[in-house]
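Chemist:
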Amino acid sequence: MTKKKVIYIILAISSLFLIASIYTNYKMYIHYSNASGKTQALFGINELLQYGYKKLFGVFPLIGLILSLYISRNKDIRFMSLFAALVSLITVIFSVFSIWRVFI
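Spelled out as structure tokens, the structure:
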């Protein structure tokens, strides 16, 4: 498999997980805004139990980030590999941190 195909696969997987992470953050925001005051106070527990799988959305993009940074040493496809690394980094950030709190 050529390096260019690997970059396209990394870009596709990272984009897919980015969309899934944004959708999960949106669901968490809707769930939080529909909750009562007591439930909102304890929403961290609810977030961990119901949406704990969100952290797993960052595993494959993290591997893609490492691979795309390794491939970026090649001058032929440097722009595409750095773009794939940027998308992977954004996906990892969205999956690790609770971005839904920005929506409030």
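First residue of the sequence shown? That's 0 in numbering that gives the first Met the number 0, and the numbers climb one at a time after it. The beta-carbon is built from N, C-alpha and C at its ideal position, and this holds for glycine as well.
With a threshold of 6 Å on Cβ separation, who are the neighbours of M27 within its own chain once the five nearest residues in sequence on each side are excluded?
Modeler: Y50 and W99
Chemist: Look at the alpha carbon of Y69 and the alpha carbon of L81, and state the distance between them as a whole number of angstroms.
Modeler: 10 Å
Chemist: Quick one, are the C-beta atoms of I12 and F59 less than 9 Å apart?
Modeler: yes
Chemist: Suppose the cutoff is 6 Å on Cβ atoms and the five residues either side in sequence are ignored; what does the same chain contact list for A84 look like?
Modeler: Correct list, in chain order: L64, S67 and L68.
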